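Asker:
There are 2 protein chains.
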Amino acid sequence: MDGFDFNITIVGLGLIGGSYAMALKELKPKNLWAVDIDKEAIEIAQRKGIIDKGYTDVKVPLKDSDIIILCVYPALMTKFIKENMQFFKKGAIITDVAGTKETLIKEINRFLRKDLDFIGGHPMAGREYKGLSFASKDIFVGANYILTPTPYNKKENIALIEKIVKGIGCKNIMKISAKKHDEIMAYTSQLPHIMAAALMKGVKEETHLFVAGSFRDATRVARLNGRLWADLLIDNQENTIEKIEEFEEYVGSIKNAIINKDHEELETIFEDARIKREEFIKKCQH
Amino acid sequence: MDGFDFNITIVGLGLIGGSYAMALKELKPKNLWAVDIDKEAIEIAQRKGIIDKGYTDVKVPLKDSDIIILCVYPALMTKFIKENMQFFKKGAIITDVAGTKETLIKEINRFLRKDLDFIGGHPMAGREYKGLSFASKDIFVGANYILTPTPYNKKENIALIEKIVKGIGCKNIMKISAKKHDEIMAYTSQLPHIMAAALMKGVKEETHLFVAGSFRDATRVARLNGRLWADLLIDNQENTIEKIEEFEEYVGSIKNAIINKDHEELETIFEDARIKREEFIKKCQH
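Heads up: the protein sequence lines correspond to chains Z and Y, in order. The first sequence runs 251 to 536 under this note's numbering. The second sequence runs 251 to 536 under this note's numbering.
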């Protein structure tokens, strides 16, 4: 396989699958196919030239696909591979975009055909909308992308996925264990989404007249895809609970300082936050 | 006083004071003055034409000022009025921009000269930076602005402040009691700032490589001005604690649903958040 001279199939033409297809198209793979149960999504994707051809029947594209990118709900990934195991092309590489990794990879490697290679992936990109109509090739530009390779993965296959990820515009590719991935995501992704949802709970009829940017920004991701996030949080239960409890502790220490009218302590807490945030955002921008 | 034919003095040339001056300049008041203890800020403001003239000696501009806008730290407002009471022009209108109102207004009205009129104001505008160099006349454009008038205020004075607020570009002017203001702000402003600070606490050396927009947005305002926020939270102690506890309860219910692996409950919570957020942001944009 030279350059991007292989057949790629995207499974699931939602926000991420659609965006992935758009971004991959620019790399000119031999064929870019898609599978979806939604005929309309396929028709739209074909008409817009996002994919070369789409299928509701998985078998057809799978037997000739060198790379398969699973962009379905996390809970459906294992099921998809299991049910279609016999149709995969010999030596095919399968990757995914799920926001949790440990359970998924363990399960898949338990039954995966020996010639196939599953490499866990997670683009740290998204939008607060779902569906193909919000897809854009630009969502990957400058984004972080995490790969969670295992000793089962072939080095050249990992390198190929990395090449694709760079190709669609991602900035940092981090290779870490699935376990580490899930620990980190509980904090950097699941926690802010939980906070945003919890913050929305108190919104009333007139609240919009009394907000500034702080509230709008803090609740941006509260426009949650409920099914997806329920999947992720339950799958990453242990880490998420731990991070929620750490967060509760921090909120508690601020609360105590307010109760004690401890101006100095509050200033210290906020100064720390300010300095951390400044350093953090500087690093994000590099 | 016809049109904007009066003398205005801004007290405190920080982010908000500086921005206020810039926006007011466009309305062409008779004179636009400023008071600050920082000579450099005054020099810069004069040189850039943000103000007509600045003073470190309060007395000079105060005796001829029809309107005084206090843009200093909340804890300094009362002190400023008390110490300079004798210098205010007869019948002058004083307003402020503090993020808490009830205590402040009660205290001020306790000793304010009978001919003076203090009208509490709070522009729901800001930035995660402090100081004159980040000031911009645009921060008020489209923003919400809250006024907390009391029976002591003259109708025509309230109308004049409203005219100014509209003039600098604010969209909604809400007139509510100081008590109501503080209750609402504990939720729409103080809570998101506390959350942002608490969320930063767990940031490590490498965190920036594992974040997407959700984390960045949720922590934007963690770049806090510690002194200002310590002032605000302590001043609005009771309401803030109440809102933190409501928030803790919501987070707790999400936590329980995760512990119970209650997919349906999580989906319901997130669907509710999504619908609320969609309605909310639609209203914000109108």
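All C-beta atoms in this analysis are idealised placements derived from N, C-alpha and C, irrespective of residue type, glycine included. Values in this document were obtained by computation on a predicted structure and should not be read as measured data.
With DSSP run on the structure shown, which of helix, strand or coil describes Leu-265/Y?
Answerer: For the purposes of this step, residue 265/Y is taken as residue 15 along the second sequence, with counting starting at 1. Helix, per DSSP.
Asker: With DSSP run on the structure shown, which of helix, strand or coil describes Leu-397/Z?
Answerer: The count along the first sequence starts at 1 and reaches residue 397/Z at position 147. DSSP places Leu-397/Z in strand when its eight states are reduced to three.
Asker: Between the segment 323-355 of chain Z and chain Y, which residues of the former have CB atoms less than 8 Å from a CB of the latter, in chain order?
Answerer: Correct list: empty, as no residue qualifies.
Asker: Tell me, please, whether the CB atom of Pro-442/Z is closer than 9 Å to any CB atom in chain Y?
Answerer: Residue mapping note: residue 442/Z aligns to position 192 of the first sequence, counting from 1. Judged by the 9 Å Cβ criterion, Pro-442/Z is in contact with chain Y.
Asker: What whole-angstrom Cβ distance do Met-327/Y and Ala-348/Y have, given they're in contact under 8 Å?
Answerer: Locating residue 327/Y in the second sequence gives position 77, where the first residue counts as 1. Locating residue 348/Y in the second sequence gives position 98, where the first residue counts as 1. Contact flag correct, Cβ pair sits at about 6 Å.
Asker: Do the segment 257-268 of chain Y and the segment 371-391 of chain Y make contact, defined as three or more Cβ pairs closer than 8 Å?
Answerer: At 8 Å Cβ cutoff, the stretches touch.
Asker: According to DSSP, simplified to helix, strand and coil, what is Ala-446/Z?
Answerer: Position 196 of the first sequence, counted from the first residue, corresponds to residue 446/Z. Helix at Ala-446/Z.
Asker: Could you give the DSSP three-state label for Glu-333/Z: helix, strand or coil?
Answerer: Reading the first sequence from its first residue, position 83 is the one you call residue 333/Z. Glu-333/Z: helix per DSSP, three-state reduction.
Asker: What are the boundary residues of the beta strand (DSSP E) that includes Lys-425/Y?
Answerer: Locating residue 425/Y in the second sequence gives position 175, where the first residue counts as 1. First-last of the beta strand (DSSP E) with Lys-425/Y: 422-425.
Asker: Spatial neighbours of Asn-489/Z within its chain, please: CB distance less than 7 Å, with the 5 preceding and 5 following residues excluded, ordered by chain position.
Answerer: The residue you call residue 489/Z lines up with position 239 of the first sequence. Excluding residues within five positions, the ones whose Cβ falls inside 7 Å are Asp-432, Glu-433, Ala-436.
Asker: So what does Asn-281/Y bridge to, in DSSP terms?
Answerer: Counting from 1 along the second sequence, the entry for residue 281/Y is found at position 31. BP columns for Asn-281/Y point to Asn-257/Y.
Asker: Let me know the alpha helix (DSSP H) ranges lying completely inside the segment 419-503 of chain Z, each 4 residues or longer, listed in chain order.
Answerer: Correct list: 428-435, 441-450, 463-468, 476-485.
Asker: To the nearest angstrom, how far is it from the Cα of Phe-390/Z to the Cα of Ala-468/Z?
Answerer: By one-based count along the first sequence, residue 390/Z stands at place 140. By one-based count along the first sequence, residue 468/Z stands at place 218. When rounded, the distance between both Cα atoms is 22 Å.
Asker: Does the beta carbon of Met-450/Y sit closer than 9 Å to a beta carbon anywhere in chain Z?
Answerer: Counting from 1 along the second sequence, the entry for residue 450/Y is found at position 200. Answer yes: the Cβ-Cβ gap between Met-450/Y and chain Z drops below 9 Å somewhere.
Asker: At the 9 Å Cβ level, is Phe-460/Z part of the contact set with chain Y, yes or no?
Answerer: Start at 1 with the first residue of the first sequence, and residue 460/Z comes out as number 210. For Phe-460/Z, the answer is yes, since a Cβ of chain Y falls inside 9 Å of its Cβ.
Asker: State the Cα-Cα distance for the pair Glu-499/Y and Val-501/Z, rounded to the nearest angstrom.
Answerer: Reading the second sequence from its first residue, position 249 is the one you call residue 499/Y. Reading the first sequence from its first residue, position 251 is the one you call residue 501/Z. Straight-line Cα distance between these residues: approximately 12 Å.
Asker: Going along chain Y, which residues have a C-beta under 8 Å from Glu-433/Z?
Answerer: Mapped onto the first sequence, residue 433/Z falls at position 183. None at all; the shortest Cβ gap to chain Y is about 10 Å.
Asker: Relative to the C-alpha of His-443/Y, which residue among Val-310/Z, Lys-332/Z, Leu-449/Z is closest?
Answerer: By one-based count along the second sequence, residue 443/Y stands at place 193. Residue Leu-449/Z is the option with its Cα nearest to His-443/Y.
Asker: For the segment 371-393 of chain Y, list every residue whose C-beta sits within 9 Å of some C-beta in chain Z, in sequence order.
Answerer: So the close ones are Pro-373, Met-374, Ala-375, Gly-376, Arg-377, Glu-378, Ala-393.
Asker: Spell out whether any CB of chain Z is found under 9 Å from the CB atom of Ile-519/Y.
Answerer: For this step, residue 519/Y is matched to residue 269 along the second sequence. Chain Z, which has a Cβ nearer than 9 Å to the Cβ of Ile-519/Y, makes this yes.
Asker: Measure the Cβ-Cβ separation of Ala-271/Y and Ala-284/Y and say whether it is below 9 Å.
Answerer: The residue given as residue 271/Y occupies position 21 in the second sequence. The residue given as residue 284/Y occupies position 34 in the second sequence. Going by C-beta atoms, Ala-271/Y is nearer than 9 Å to Ala-284/Y.
Asker: Closer than 8 Å is the cut-off here; do at least three beta carbon pairs connect the segment 514-523 of chain Y with the segment 469-477 of chain Z?
Answerer: Yes: at least three Cβ pairs fall under 8 Å.
Asker: Where does Asp-346/Z sit, in a helix, a strand or coil, going by DSSP?
Answerer: Here residue 346/Z refers to the residue found at position 96 of the first sequence. Of the three classes helix, strand and coil, the one that applies to Asp-346/Z here is strand, per DSSP.
Asker: Going by the beta-carbon positions, is the gap between Asn-394/Z and Met-424/Z smaller than 9 Å?
Answerer: By 1-based counting over the first sequence, the position of residue 394/Z is 144. By 1-based counting over the first sequence, the position of residue 424/Z is 174. The answer is yes: Cβ separation under 9 Å.
Asker: Does the contact criterion of 3 or more C-beta pairs under 8 Å hold for the segment 452-472 of chain Y versus the segment 404-420 of chain Z?
Answerer: Output reads no: the segment 404-420 of chain Z does not touch the segment 452-472 of chain Y.
Asker: Can His-458/Y and Lys-533/Z be called in contact, C-beta distance under 9 Å?
Answerer: By 1-based counting over the second sequence, the position of residue 458/Y is 208. By 1-based counting over the first sequence, the position of residue 533/Z is 283. Their beta carbons are under 9 Å apart, which means His-458/Y touches Lys-533/Z by this criterion.
Asker: Tell me, which residues are paired with Gly-371/Z by DSSP?
Answerer: Locating residue 371/Z in the first sequence gives position 121, where the first residue counts as 1. Paired residue(s): Leu-397/Z.
Asker: Where does Lys-303/Z fall in DSSP's three states?
Answerer: Your numbering for residue 303/Z matches position 53 in the first sequence. Correct three-state label for Lys-303/Z: strand.
Asker: Expressed to the nearest angstrom, what Euclidean distance is found between the alpha-carbon atoms of Leu-312/Z and Ile-508/Y?
Answerer: The sequence position of residue 312/Z within the first sequence is 62, counting from 1. The sequence position of residue 508/Y within the second sequence is 258, counting from 1. So the two alpha carbons sit approximately 36 Å from each other.
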